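As they're listed, the protein sequences go chains B and G.
Counting along the first sequence from 1, when you hit position 209 you're at 294 in my numbering, and nothing is skipped either side.
Counting along the second sequence from 1, when you hit position 177 you're at 262 in my numbering, and nothing is skipped either side.
See below for the structure under consideration.
2 protein chains.
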Amino acid sequence: MKQASHCDNCTLCQHKLCARRVPIFQELNQDELNHVVQLIIRKKYSKGEMIVFEDGLLDSLMIINRGQVKAFRDTQEGKEQILYIFSEGDFFGEKNLLITQKASYHVEALEETLICMIQSRDFLKLLKEYPEISLKIVEQLSHRIDRLEQMIRNMGTKNIEARVSAVLLEFAMKYGKEQSEGVLIELPLSREGIANYIGVARETVSRKLSILQEEGIINMIGNKKVVILDKKALENEVE
Amino acid sequence: MKQASHCDNCTLCQHKLCARRVPIFQELNQDELNHVVQLIIRKKYSKGEMIVFEDGLLDSLMIINRGQVKAFRDTQEGKEQILYIFSEGDFFGEKNLLITQKASYHVEALEETLICMIQSRDFLKLLKEYPEISLKIVEQLSHRIDRLEQMIRNMGTKNIEARVSAVLLEFAMKYGKEQSEGVLIELPLSREGIANYIGVARETVSRKLSILQEEGIINMIGNKKVVILDKKALENEVE
DNA sequence: CGTTCGATTGATGTCAGTCAACCCGAGTGG
DNA sequence: CCACTCGGGTTGACTGACATCAATCGAACG
């Protein structure tokens with residue numbers, strides 16, 4: 086009874102935390118939040134588990150409570166094109182709120198992940214009741230569009246070192262911890278994952294990272310960690 | 086007095102048309118629409134004229150009434166990365182509704198273009214009054230995200246013929262006219278434009294189009310028109 | 001200690017970018 | 001009316017960078 090044992094520390098208060106953590110519910114007061122919390126269904130996924138299949142049905146708004154996931158599609162060549170890394174507080178499935186349609190990408194847990202789900206029809210009722218949530222969603226979608234546009238600009242450039250640098254900077258922003266020597270990054274993706282994120286071969290990622298290390302711009306610690314020693318240099322690379 | 090002469094046929098009824106044409110105002114009734122129309126400022130741009138500068142201020146929602154524009158950013162290599170072709174009924178500047186920030190791309194008129202503008206602060210008031218507009222915006226933004234995700238998937242593939250094919254199919258969907266031999270497309274972009282759209286060299290676009298013509302899949306008529314003879318073949322190319 | 005999976009490094013081939021020449025049609029001006 | 005020019009498009013030759021294939025390494029884990 087893993088589910089049960091988990092639920093020992095998954096009290097109502099935890100649920101609230103989940104809802105509170107999400108930007109789109111920020112403006113709600115405690116009562117309203119309680120209302121939201123009642124609609125939430127929680128589910129746990131283990132590393133490598135598929136959460137959503139492209140072309141599968143998806144009729145809920147999915148909010149990451151803990152852990153992280155990757156959203157990806159298959160390219161022609163049979164590789165994955167990773168579109169998003171979603172972490173705590175991020176959500177997906179918003180496309181299916183208004184129109185019932187198939188999911189437009191696969192979603193897979195990168196580690197043990199807790200998902201809070203709200204059925205689309207419930208969520209729509211929420212929106213009717215609290216219109217300010219809509220504005221929050223517009224805001225979040227705008228940010229996502231920003232990111233996608235940035236990503237396209239990146240993939241448009243032929244300069245592969247720039248793409249690798251951009252990814253490092255993105256991860257630094259999202260996962261970086263300031264340290265004396267520089268910013269320490271716990272990489273959410275393997276080399277292959279990074280490759281699939283920026284659309285190159287995994288060997289190329291290896292090579293580019295090695296070069297950056299030789300140049301003294303980064304320092305790799307094992308496979309999963311990187312320290313950015315010279316952030317300026319990376320930024321110059323990107324622009 | 087170009088402005089004045091233009092306004093001869095730019096009556097209130099025209100304004101309404103402009104508003105009515107836009108998906109986000111679809112649900113409004115006549116009275117509500119009249120309210121919206123009062124807020125609209127119109128402006129005309131000639132071919133090649135810049136409408137918005139990246140890093141410039143943009144404090145209005147911009148709706149295309151007539152004509153079409155390209156939205157683009159500069160890549161590292163000094164080329165343009167075209168992000169969108171906006172046509173009648175499309176809008177941009179929605180990112181600046183909630184947060185005042187700089188525009189994130191240049192926008193340039195591809196032909197003589199009429200723009201309807203609504204100041205962000207006015208538009209926000211509208212949203213408060215007619216919350217259903219928010220939902221429409223969420224819907225539109227979702228579509229845009231779909232397109233961007235599609236585009237990224239496309240740019241992730243190394244197969245350039247697939248990219249060219251995808252663009253042709255996209256244009257066919259948007260601008261295509263059914264004919265006996267196939268779908269006739271009036272290209273909105275030059276070869277260089279197409280190249281900047283899919284992130285390749287302009288010569289490469291030329292070459293790929295020539296190949297597609299040799300294979301009997303398309304038929305080029307001058308530089309500005311293409312007939313798709315074998316749509317299936319293009320679709321196979323893409324997937 | 002061995003196995004396995006991911007990462008690295010090296011060698012080779014391929015394909016798109018680049019440079020350059022040329023073409024073509026639309027203006028333009030004599 | 002024709003010659004010239006100019007911008008965009010096409011075509012060819014060459015080059016270089018990345019993909020691919022293959023071998024090896026190395027760390028994690030049983």
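All residues carry an ideal CB built from backbone N, CA and C; glycine is no exception.
Every value quoted in this text rests on a predicted model; they were computed, and no experiment measured them.
Exercise. Any idea if lysine 155 of chain B is buried or exposed, counting beta-carbon neighbours within 10 angstroms, 16 or more meaning buried?
Worked result: On the first sequence, position 70 is the one that residue 155 of chain B refers to. Buried, by the Cβ-count rule.
For this session: Indicate whether lysine 243 of chain G and glutamate 162 of chain B have their beta-carbon atoms separated by less than 8 Å.
Result: Stepping through the second sequence from its first residue, residue 243 of chain G is reached at position 158. Stepping through the first sequence from its first residue, residue 162 of chain B is reached at position 77. Going by C-beta atoms, lysine 243 of chain G is nearer than 8 Å to glutamate 162 of chain B.
Problem set entry | Whole-angstrom distance between isoleucine 283 of chain B and glutamine 166 of chain B, CA atom to CA atom | Residue numbering aside, residue 166 of chain B sits at position 81 when the first sequence is read from its first letter. Residue numbering aside, residue 283 of chain B sits at position 198 when the first sequence is read from its first letter. Distance between the alpha carbons of glutamine 166 of chain B and isoleucine 283 of chain B is about 8 Å.
Exercise. Going by alpha carbons, who is nearest to lysine 317 of chain G out of G:Glu217, G:Val121, G:Tyr169 and G:Ser250?
Worked result: For the purposes of this step, residue 317 of chain G is taken as the residue at position 232 of the second sequence. Of the listed residues, the one whose Cα sits closest to lysine 317 of chain G is G:Ser250.
For this session: Any chance you could list the beta strand (DSSP E) runs of at least 3 consecutive residues sitting entirely within the segment 185-211 of chain B, in chain order?
Result: 191-194 and 198-204
For this session: Could you tell me which residues DSSP pairs with aspartate 159 of chain B in its beta bridges?
Result: Within the first sequence, the letter at position 74 stands for residue 159 of chain B. Paired residues: B:Glu165.
Exercise. Are the C-beta of isoleucine 230 of chain B and some C-beta of chain G separated by less than 8 Å?
Worked result: Numbered from its first residue, the first sequence carries residue 230 of chain B at position 145. True, the Cβ-Cβ gap to chain G drops below 8 Å.
Problem set entry | Straight-line gap, glutamine 88 of chain G to phenylalanine 208 of chain B (C-alpha atoms, nearest Å) | Here the question's residue 88 of chain G lines up with position 3 in the second sequence. Here the question's residue 208 of chain B lines up with position 123 in the first sequence. Its pLDDT being 38, under 50, glutamine 88 of chain G is placed unreliably by the model, and the measurement read from it follows with that caveat. In a straight line, the C-alpha of glutamine 88 of chain G is about 47 Å away from that of phenylalanine 208 of chain B.
For this session: Using a Cβ-Cβ cut-off of less than 7 Å, give me the residues of the segment 214-240 of chain B that come near chain G, in sequence order.
Result: Pro216, Ser219, Leu220, Ile222, Val223, Glu224, Leu226, Ser227, Arg229, Ile230, Asp231, Leu233, Glu234, Met236, Ile237, Arg238 and Met240
For this session: Note down, in chain order, every chain G residue with its Cβ under 8 Å from the Cβ of glutamate 162 of chain B.
Result: Position 77 of the first sequence, counted from the start, is the residue given in the question as residue 162 of chain B. Residues of chain G passing the Cβ test: Thr242, Lys243 and Asn244.
Problem set entry | Opposing strand residues paired with asparagine 304 of chain G [DSSP bridges] | If you number the second sequence from 1, residue 304 of chain G lands on position 219. Asparagine 304 of chain G pairs with G:Val312.
Problem set entry | Run of the beta strand (DSSP E) containing valine 137 of chain B, from where it starts to where it stops | In the first sequence, residue 137 of chain B corresponds to position 52, counting from 1. Here the beta strand (DSSP E) through valine 137 of chain B covers 135-137.
For this session: May I ask which residues mark the beginning and end of the alpha helix (DSSP H) holding lysine 221 of chain G?
Result: Within the second sequence, the letter at position 136 stands for residue 221 of chain G. Element bounds for lysine 221 of chain G: 217-241.
Exercise. Between the beta-carbon of isoleucine 303 of chain G and the beta-carbon of valine 312 of chain G, is there less than 8 Å?
Worked result: Numbered from 1 along the second sequence, position 218 holds the residue referred to as residue 303 of chain G. Numbered from 1 along the second sequence, position 227 holds the residue referred to as residue 312 of chain G. Yes, Cβ-Cβ distance for isoleucine 303 of chain G and valine 312 of chain G is below 8 Å.
For this session: Starting from valine 268 of chain G, follow the alpha helix (DSSP H) in both directions and report where the run begins and ends.
Result: As a first step, residue 268 of chain G is located in the second sequence; it is residue number 183 there, counting from the start. First-last for valine 268 of chain G: 268-271, but that is the beta strand (DSSP E), not the alpha helix (DSSP H).
Problem set entry | Per-residue burial, lysine 164 of chain B [other beta carbons within 10 Å of its own, 16 or more giving buried] | Mapped onto the first sequence, residue 164 of chain B falls at position 79. It counts as buried.
Problem set entry | Three-state secondary structure (DSSP) of leucine 183 of chain B | Position 98 of the first sequence, counted from the start, is the residue given in the question as residue 183 of chain B. Leucine 183 of chain B falls in the helix class under three-state DSSP.
Exercise. Are threonine 198 of chain G and tyrosine 260 of chain G touching if we call contact CB-CB under 8 Å?
Worked result: The residue labelled residue 198 of chain G in the question sits at position 113 within the second sequence. The residue labelled residue 260 of chain G in the question sits at position 175 within the second sequence. Cβ atoms of threonine 198 of chain G and tyrosine 260 of chain G: not closer than 8 Å.
Problem set entry | Alpha-carbon to alpha-carbon, isoleucine 306 of chain G and phenylalanine 176 of chain B | Taking the first residue of the first sequence as position 1, residue 176 of chain B is located at position 91. Taking the first residue of the second sequence as position 1, residue 306 of chain G is located at position 221. Using only the alpha carbons, I get a separation of about 47 Å.
Problem set entry | Interface positions of the segment 182-195 of chain G facing chain B (Cβ-Cβ less than 8 Å), listed along the chain | Leu182, Leu183, Ile184, Ser189 and Tyr190
For this session: Tell me, please, whether the CB atom of glutamine 204 of chain B is closer than 8 Å to any CB atom in chain G?
Result: Against the first sequence, residue 204 of chain B aligns to sequence position 119. Closer than 8 Å: no.
Exercise. Quick one: is leucine 338 of chain G near chain B, going by C-beta distance under 8 Å?
Worked result: Summary: the structure shown does not reach residue 338 of chain G, with chain G confined to residues 86 through 324, and so no result is reported for it.
Exercise. Using 8 Å as the Cβ pair cut-off and three pairs as the minimum, do the segment 177-197 of chain B and the segment 213-228 of chain G touch?
Worked result: Three or more Cβ pairs drawn from the segment 177-197 of chain B and the segment 213-228 of chain G lie within less than 8 Å of each other, which places the two stretches in contact.
Exercise. Could one say the Cβ of lysine 180 of chain G lies closer than 8 Å to chain B's Cβ atoms, at least one of them?
Worked result: Within the second sequence, the letter at position 95 stands for residue 180 of chain G. Yes, because at least one Cβ of chain B sits closer than 8 Å to the Cβ of lysine 180 of chain G.
Exercise. Since glutamine 166 of chain B meets chain G, which of its residues come closer than 7 Å, beta carbon to beta carbon?
Worked result: As a working note, residue 166 of chain B is residue 81 in the first sequence. Those are Ile237, Arg238 and Gly241, listed as they occur along chain G.
For this session: Classify isoleucine 62 of chain G as helix, strand or coil using the three-state DSSP reduction.
Result: Because chain G in this structure spans residues 86 to 324, residue 62 of chain G falls outside the shown range and cannot be described.
Exercise. If we ignore side chains and look at the alpha-carbon of each, how far apart do glutamate 246 of chain B and glutamate 193 of chain G end up?
Worked result: If you number the first sequence from 1, residue 246 of chain B lands on position 161. If you number the second sequence from 1, residue 193 of chain G lands on position 108. Roughly 30 Å separates the two Cα atoms.
Exercise. Quick one: what's got a C-beta closer than 7 Å to cysteine 201 of chain G's C-beta in the same chain, skipping five residues either side?
Worked result: Your numbering for residue 201 of chain G matches position 116 in the second sequence. For cysteine 201 of chain G, where only same-chain residues beyond five positions count, the Cβ hits under 7 Å are Cys103, Ile125, Arg127, Ile148 and Asn150.
Exercise. Are there 16 or more other CB atoms within 10 angstroms of the CB of methionine 135 of chain G, so buried, or fewer, so exposed?
Worked result: As a working note, residue 135 of chain G is residue 50 in the second sequence. Exposed.
Problem set entry | Residue interval of the beta strand (DSSP E) (run including serine 145 of chain B) | Taking the first sequence and counting its residues from 1, one reaches residue 145 of chain B at position 60. Segment 145-151, the beta strand (DSSP E) holding serine 145 of chain B.
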